[in-house]
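Chemist: Quick one: structure below, then a few questions.
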Amino acid sequence: MIGLSFTWCVRKIADGTVALEDVEKIISSTRHQTAASWDTAIASNRINAWRSTGPDKCENVARWLLAHDKIEQPRLENDQHFPMLIAPSSIPDHPWVEDESDITWCDEIIN
547 MIGLSFTWCV
557 RKIADGTVAL
567 EDVEKIISST
577 RHQTAASWDT
587 AIASNRINAW
597 RSTGPDKCEN
607 VARWLLAHDK
617 IEQPRLENDQ
627 HFPMLIAPSS
637 IPDHPWVEDE
647 SDITWCDEII
657 N
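Mind the numbering: the sequence shown is residues 547 to 657 in the numbering used here, read in order.
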């Protein structure tokens, strides 16, 4: 599986909805260039998006994904190139695709 949202995919892995071993990678719309930037994002997610799931568990998942190069950030090369989440109201439940060919990219919609 390929995740399309760093925040929500980490949460789904941490809560057991998605098995870590089933995750090929997460293609995120984030733009974190430094470890400090990731630390800030993780700290914010701990307080906000991950609070109900378990911030420690979520942070452990996030740090494992980062350490194992499972997070891709295409916006680092092209700011308009990132995956669109087709149904924003259901982002927490459906941020996954089986194959990259299933991704709708923002720059495809804009251009």
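Beta carbons are placed, not taken as given, at the ideal position from N, Cα and C, and that holds for glycine.
On a predicted model such as this, the values are computed, not experimentally measured, just so you know.
In whole angstroms, what is the alpha-carbon distance linking K571 and S551?
Modeler: Position 25 of the sequence shown holds residue 571. Position 5 of the sequence shown holds residue 551. For K571 and S551, the distance between alpha carbons rounds to 10 Å.
Chemist: Since P629 sits in a beta bridge, which residues does DSSP pair it with?
Modeler: For the purposes of this step, residue 629 is taken as the residue at position 83 of the sequence shown. According to DSSP, which records beta bridges pairwise, P629 is partnered with W651.
Chemist: Could you check whether S574 and Q619 sit closer than 8 Å to each other, using their CB atoms as the reference points?
Modeler: Here residue 619 refers to the residue found at position 73 of the sequence shown. Here residue 574 refers to the residue found at position 28 of the sequence shown. Yes, Cβ-Cβ distance for Q619 and S574 is below 8 Å.
Chemist: Along the alpha helix (DSSP H) that carries K603, what are the first and last residues, could you check?
Modeler: On the sequence shown, residue 603 is found 57 positions in, with the first residue counted as 1. Counting along the chain, the alpha helix (DSSP H) containing K603 begins and ends at 601 to 613.
Chemist: On the criterion of 16 or more Cβ atoms from any shown chain inside 10 Å, does R577 qualify as buried, or is it exposed?
Modeler: To locate residue 577, count along the sequence shown from 1; it is residue 31. It is exposed - the Cβ of R577 has fewer than 16 other Cβ atoms within 10 Å.
Chemist: Using only the alpha-carbon positions, how far apart do S636 and N594 sit?
Modeler: Walking along the sequence shown from the start, residue 636 turns up at place 90. Walking along the sequence shown from the start, residue 594 turns up at place 48. Unreliable positioning characterises S636 in this predicted model, as indicated by a pLDDT of 49, which lies under 50. The coordinate reading is nonetheless provided below. Between S636 and N594, the C-alpha separation is close to 17 Å.
Chemist: Helix, strand or coil: which one does DSSP assign to K558?
Modeler: Residue 558 sits at position 12 when you count from the first residue of the sequence shown. Note: K558 maps to helix in three-state DSSP.
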